[in-house]
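K.L.:
Residue numbers (our numbering): 91 to 308.
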């Protein structure tokens with residue numbers, strides 16, 4: 091579900107109009123996140139770090155209003171809840187786009203994501219197409235668990251304003267620093283919808299959830 095923002099009365103009208111005129115209005119931050127609590131919890135409970143981290147990140151993102159804004163067919167939409175899509179390696183070694191529903195209940199989310207991931211892992215072929223052109227109430231998510239990076243960029247579909255409005259998210263391999271575990275998290279957004287302050291709030295909301303992992307993942 092979503093509601094349509096009246097751009098003419100929107101306090102961000104000038105910023106929206108200006109950045110929406112850019113061929114590529116996207117920018118991103120790379121921020122170091124502390125994942126110690128969620129990693130330890132995952133090891134202790136023998137649950138998936140990927141799914142646990144994904145759930146906490148999704149909660150932080152969805153708490154940030156600006157991260158739920160999209161441009162679809164010329165209108166600005168504010169979605170109630172955004173779902174995750176993510177890349178999974180199939181049997182063939184080729185990556186497939188997958189996705190599951192965002193549930194506020196951790197166990198319901200975990201079971202749905204786990205079922206989807208295991209199903210895609212066992213695919214012997216990939217779908218003919220990626221995300222539907224009509225589905226933008228999503229986050230486009232991937233991870234690079236083999237290396238640590240200092241910065242990264244996402245493929246951006248120049249000219250597709252709808253797709254440009256969807257945040258693109260990636261994190262890297264976790265590593266130990268001073269007895270804490272860290273990942274670099276990149277979030278890339280459209281400046282037409284998300285200013286630097288709002289993007290900073292999203293990172294802080296995510297870190298707050300990561301810090302509370304033991305209380306949330308139970």
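Positions of the beta carbon are idealized from the N, C-alpha and C atoms, including for glycine.
Among residues of its own chain, excluding the 5 on either side of residue 260, which ones have a beta-carbon nearer than 8 Å to its beta-carbon?
P.N.:
Contacts found: 231, 232, 233, 234, 242, 244, 275 and 276.
K.L.:
Taking all protein chains shown into account, decide if residue 295 is buried (16 or more other Cβ within 10 angstroms of its Cβ) or exposed.
P.N.:
Residue 295 is buried by the Cβ-count criterion.
K.L.:
Report the rounded CA-to-CA distance for residue 223 versus residue 159, giving the unit in angstroms.
P.N.:
At residue 223 the pLDDT is 43, less than 50, meaning the model places this residue with poor confidence and gives no usable figure here.
K.L.:
Note down the Cα distance separating residue 293 from residue 92, rounded to an integer number of angstroms.
P.N.:
Approximately 23 Å between the Cα atoms of the pair.
K.L.:
Please classify residue 287 as buried or exposed, where buried requires at least 16 neighbouring CB atoms within 10 angstroms.
P.N.:
When all chains shown are included, residue 287 counts as exposed.
K.L.:
Is residue 298 helix, strand or coil by DSSP?
P.N.:
The answer is helix: DSSP assigns residue 298 an H, G or I state.
K.L.:
Taking Cβ to Cβ, would you say residue 302 is nearer than 9 Å to residue 127?
P.N.:
Yes, these two residues count as a Cβ contact at 9 Å.
K.L.:
Which of helix, strand or coil does DSSP assign to residue 127?
P.N.:
It is helical.
K.L.:
Would you mind sorting residue 262 into buried or exposed? The rule is 16 or more other CB atoms within 10 Å of its CB.
P.N.:
Per the 10 Å Cβ criterion, buried.
K.L.:
In or out: residue 152 buried (at least 16 other Cβ within 10 Å) or exposed?
P.N.:
It counts as buried.
K.L.:
Roughly how many angstroms lie between the CA atoms of residue 192 and residue 299, to the nearest whole one?
P.N.:
If I take the Cα positions, the gap works out to 15 Å.
K.L.:
Should residue 103 go down as buried or exposed, given a rule of 16 or more other Cβ atoms within 10 Å for buried?
P.N.:
Residue 103 is exposed by the Cβ-count criterion.
K.L.:
Would you call the CB atoms of residue 306 and residue 146 closer than 9 Å?
P.N.:
Going by C-beta atoms, residue 306 is nearer than 9 Å to residue 146.
K.L.:
State the beta-bridge partners of residue 240 as determined by DSSP.
P.N.:
Answer is none; residue 240 lacks a bridge partner.
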